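Novice:
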Amino acid sequence: MTTASPSAAPSAAPPARSATATRGWSGRAPNPMVVALVLVAAFLFLFPVVMFVVGAFRTAAPGLPGSWSVRGFVDAYTSPTMWPTLRNSVVLSTSVLIIATSAGLFFAWVVARTTTPLRRLVTPMMVLVFAIPPLFFALSWSMLANDPAGMINKAWMALGGGGAIINVQSWYGLIGTSAMKATAAAYLLLLGPVMAIDRALEEASLMSGAGRLRTLVRVSVPSLGPALTGPMILGFVVGIGMLDMPLVLGLPAGIRVFPTEIYNYIANSTPAKYAQANALGLLLIAIVVVLVLVQRRVLSGRSFATVVGKSYRADPADIGWRKYPCAAAILAFGALALILPLAQLVVGSLQPYFGVYGRWTLANYQTVWYDPASFSAFQRTIVVGVLSGLVASGFAFAAAYVARAHRTPLARAPMGFTWLLWGVPGVTLGLAMVWAYLSVPGLRSLYATVWIVAIALIVLVTPIAARLGEGSIAQLGAELEESARVAGAGSVRTFLDIVLRLVLPTFLLSWFVTGVLAAGNLDVPILMSSPNNRTVPLMIYELYSNSSLAEAAALFCILLGVIAAGGIIISIVSMAIRRKEVRTAWARSSSRA
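Numbering follows this note's numbering, in which position 335 of the sequence shown is assigned residue number 344; successive positions increment by one, without gaps.
1. Evaluate W595 with the Cβ neighbour count: other Cβ atoms within 10 Å of its Cβ, from every protein chain shown; 16 or more gives buried, anything less gives exposed.
2. Report the three-state DSSP secondary structure of R416 (helix, strand or coil).
3. Could you spell out where the alpha helix (DSSP H) holding Y550 opens and where it closes?
4. Can you name the start and end residues of the alpha helix (DSSP H) that F267 belongs to?
5. Go ahead and pull the three-state DSSP assignment for A326.
6. Let me know the secondary structure DSSP gives R67 once reduced to three states.
7. In the segment 121–184, which residue ranges form an unbroken alpha helix (DSSP H) of at least 4 residues, counting only runs that do not cross its ends?
8. Give the DSSP-derived three-state secondary structure of W77 in the structure shown.
9. Beta-carbon within less than 7 Å of V443's beta-carbon, same chain only, minus the 5 sequence neighbours each way: which residues are those?
10. Using the rule of at least 16 other Cβ atoms within 10 Å of the residue's Cβ for burial, across every protein chain shown, is I581 buried or exposed?
11. What are the start and end residues of the alpha helix (DSSP H) that includes L349?
12. Is P39 closer than 9 Å to L419 when the C-beta atoms are compared?
13. Could you pull the start and end residues of the alpha helix (DSSP H) that I482 belongs to?
14. Who are the near neighbours of S583 in its chain, counting only those whose CB is closer than 6 Å to its CB and skipping five residues on each side?
15. Taking contact to mean at least 3 C-beta pairs separated by less than 8 Å, is the segment 556–567 in contact with the segment 353–370?
16. Reducing DSSP to helix, strand and coil, say where W118 ends up.
17. So T390 and T544 are supposed to be a Cβ contact under 8 Å. How far apart are they, rounded?
18. Quick one: what does DSSP say A585 is sitting in, helix, strand or coil?
19. Below 8 Å on the Cβ atoms is my guess for I264 versus W165; work out the distance and round it to an integer in Å.
20. Is it true that the segment 419–429 meets the segment 234–254, where meeting means three or more beta-carbon pairs spaced less than 8 Å apart?
21. Can you tell me whether G451 is buried or exposed? The criterion is at least 16 other CB atoms within 10 Å of its CB, across all chains shown.
22. What first and last residue would you give for the alpha helix (DSSP H) that runs through V44?
23. Quick check: the Cα distance between S187 and T503, rounded to an integer number of angstroms?
24. Cβ of Y274 versus every heavy atom of the ligand GDP: is any distance shorter than 8 Å?
25. Kindly indicate the opening and closing residues of the alpha helix (DSSP H) around P334.
26. Is DSSP giving P361 helix, strand or coil here?
27. Provide the residue span of the alpha helix (DSSP H) that contains N373, from first to last.
28. May I have the straight-line CA-CA distance separating T370 from Q353, to the nearest angstrom?
29. Spatial neighbours of M91 within its chain, please: C-beta separation below 8 Å, excluding the five flanking residues on both sides.
30. I want to know whether the segment 124–138 touches the segment 195–204 - three or more CB-CB distances under 8 Å.
31. Helix, strand or coil, according to DSSP, for T224 in the structure here?
32. Suppose you measure from the CA of G201 to the CA of V120; what does that come to, to the nearest Å?
33. Helix, strand or coil: which one does DSSP assign to P434?
34. May I have the straight-line CA-CA distance separating V177 from V522, to the nearest angstrom?
35. Can you give me the C-alpha to C-alpha distance between G64 and V459, rounded to a whole angstrom?
36. Classify S98 as helix, strand or coil using the three-state DSSP reduction.
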């Protein structure tokens with residue numbers, strides 16, 4: 010290492026930083042951490058998509074010799090069920106899009122722009138709804154609004170009703186439960202943009218003679234153009250790609266959608282029709298890509314700036330008597346999304362048989378607790394959840410740091426790869442992973458093990474961790490990394506010793522949320538199931554399919570208890586970290602004084 014004189018140091022520092030920042034597509038050797046992340050990202054995110062496309066043109070199952078053909082597309086798209094399935098998928102997706110975006114925007118407006126009572130409960134409630142597995146809503150509402158044994162129908166008949174008032178295994182049941190789940194994601198995406206709207210714009214519209222409704226339609230909503238298109242696309246993707254609720258609530262009513270058809274081609278066909286399933290999956294991916302391109306086309310060249318440097322105001326307003334109906338809406342959503350479904354699961358798990366009220370027993374808990382298969386499934390689920398959340402968050406935060414620190418196309422590639430699968434439905438991703446790992450001899454041994462399920466779930470939840478990582482990394486000042494470089498620390502040491510410590514609370518949150526999503530996922534494990542890799546959600550669905558609803562409810566209650574315990578542990582650790590930071594800051598300020 011060459012030692013520079015003091016006078017030469019200032020002029021030497023800028024070129025060194027520039028060389029680091031310009032590495033990537035140039036002729037110089039890129040940073041090893043960047044190269045490693047790019048290779049891992051390409052293997053995890055790009056390779057399965059490529060093999061999925063290849064599989065649509067193969068006549069044999071993954072890993073078996075076959076020939077090239079378009080027969081899969083012809084059979085899938087000329088099937089008598091194709092167009093009814095397409096119609097059902099579009100109806101479900103459009104309905105979920107409209108309801109979820111409208112409800113998410115409403116709750117975001119209530120929280121950010123009004124003084125409505127109970128508004129502080131909305132964000133924690135939405136985080137819970139977002140993190141809780143979709144299977145929770147499917148199973149709980151299939152019991153809660155069951156005709157005639159559900160709690161709602163039982164209560165109605167006890168009050169003198171002549172028969173069942175609701176049957177959730179129908180179009181409105183499927184749309185309603187799917188929209189509740191999607192509303193949470195829409196709210197979390199819209200809250201920040203709604204908080205950033207300048208209230209002065211709305212007041213100017215009101216002063217010019219426009220009413221509140223016209224102001225909302227002509228000023229507030231148009232200013233949210235980019236923010237609204239994200240939840241709208243997400244709502245459509247949730248509706249068109251969700252498997253849990255159509256399996257539990259749709260199929261009994263004869264409602265077939267693309268994910269159930271893909272599952273049917275694999276699980277209920279002998280031999281499995283992989284090419285046809287891939288052909289339908291590619292149509293789902295194509296729809297998502299078209300939606301994203303349309304979004305960019307519509308928003309390009311338009312200005313949606315609402316936060317300006319002069320007279321910016323975002324304080325909430327008193328909406329008078331209207332805040333009480335808004336508070337009632339908060340209570341209603343909490344009851345429908347959390348309280349009533351959880352109550353039904355608990356009550357149903359304590360019944361000897363579902364629908365037999367008045368006789369209480371712990372037999373269902375004893376059955377699933379002492380069942381070796383259930384115990385093994387819990388072990389796998391915990392391993393999958395903890396490992397998937399940890400690896401996904403670690404990769405996402407490292408990719409976000411590298412993209413920010415190096416600012417080259419190569420450094421930004423890992424984050425770009427995570428976006429590649431952001432809108433891909435879980436059932437399609439599971440099928441892509443099957444093609445990817447069965448087609449490579451060295452990776453074929455992972456099939457039918459818990460590890461291939463864990464890898465697939467890592468790929469599934471990494472985009473969510475990446476969104477959390479981008480926000481937290483962006484808040485760090487560049488001078489911290491510069492100081493580490495001056496001290497001689499490399500990229501890996503800087504990330505582990507400085508960056509990760511500063512964003513640790515957000516990292517723990519990402520680990521928990523993605524771990525819960527992975528542990529409760531059904532879409533991916535259902536296509537990779539074997540006796541050696543069954544997870545708890547898959548066992549719950551099997552119990553439900555065998556009409557053992559009380560045991561399924563007991564197993565789900567235990568899973569929710571484990572998730573709650575994990576949340577408590579994460580909260581305690583996060584609070585301890587924050588207290589330590591406060592004590593450290595206080596000690597430093599005291600020593601300076």
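The beta-carbon is built from N, C-alpha and C at its ideal position, and this holds for glycine as well.
Keep in mind that this is a model prediction, so the values were computed, not measured.
Specialist: Looking at the coordinates:
1. Its Cβ having fewer than 16 others within 10 Å, W595 is exposed.
2. If DSSP states are grouped into helix, strand and coil, R416 belongs with coil.
3. That run of the alpha helix (DSSP H) goes 545–554.
4. In this chain, the alpha helix (DSSP H) harbouring F267 covers 267–276.
5. For A326, the three-state secondary structure derived from DSSP is strand.
6. In the three-state reduction of the DSSP assignment, R67 falls in the strand class, which pools E and B.
7. Counting only runs of 4 or more residues that sit fully inside the segment 121–184, the alpha helix (DSSP H) segments are 131–140, 143–153, 160–167, in chain order.
8. In the structure shown, W77 sits in a strand (DSSP, three-state: E or B).
9. Closer than 7 Å at Cβ, skipping near neighbours: P71, L536, M537.
10. Counting Cβ neighbours within 10 Å, I581 comes out exposed, since fewer than 16 surround it.
11. Counting along the chain, the alpha helix (DSSP H) containing L349 begins and ends at 349–358.
12. Contact flag set, yes.
13. Per DSSP, the continuous alpha helix (DSSP H) segment holding I482 begins and ends at 459–483.
14. Excluding positions up to five away in sequence, the list reads P514, L517.
15. Yes: at least three Cβ pairs fall under 8 Å.
16. When DSSP states are grouped into helix, strand and coil, W118 belongs to the helix group.
17. The pair is a contact, with the Cβ atoms about 5 Å apart (cut-off 8 Å).
18. A585 sits in a helix when the DSSP states are folded into three classes.
19. Not confirmed; about 24 Å, so no contact.
20. Under the Cβ criterion (8 Å, minimum of three pairs), the segment 419–429 does not count as touching the segment 234–254.
21. With fewer than 16 neighbouring CB atoms inside 10 Å of its own CB, G451 falls in the exposed class.
22. Segment 41–50, the alpha helix (DSSP H) holding V44.
23. Taking the Cα positions, S187 is about 43 Å away from T503.
24. This structure simply doesn't include the ligand GDP, nor any ligand for that matter.
25. Note, P334: alpha helix (DSSP H), 332–343.
26. Looking at P361 - three-state DSSP - the assignment turns out to be coil, as it is neither helix nor strand.
27. Element bounds for N373: 372–378.
28. When rounded, the distance between both Cα atoms is 15 Å.
29. Result list for M91: A85, in chain order.
30. With a cut-off of 8 Å on Cβ pairs, the segment 124–138 is in contact with the segment 195–204, counting three or more such pairs.
31. Three-state DSSP puts T224 in a helix.
32. The C-alpha of V120 is placed about 11 Å away from the C-alpha of G201.
33. Looking at P434 - three-state DSSP - the assignment turns out to be coil, as it is neither helix nor strand.
34. So the two alpha carbons sit approximately 28 Å from each other.
35. Cα to Cα, G64 sits roughly 23 Å from V459.
36. The answer is helix: DSSP assigns S98 an H, G or I state.
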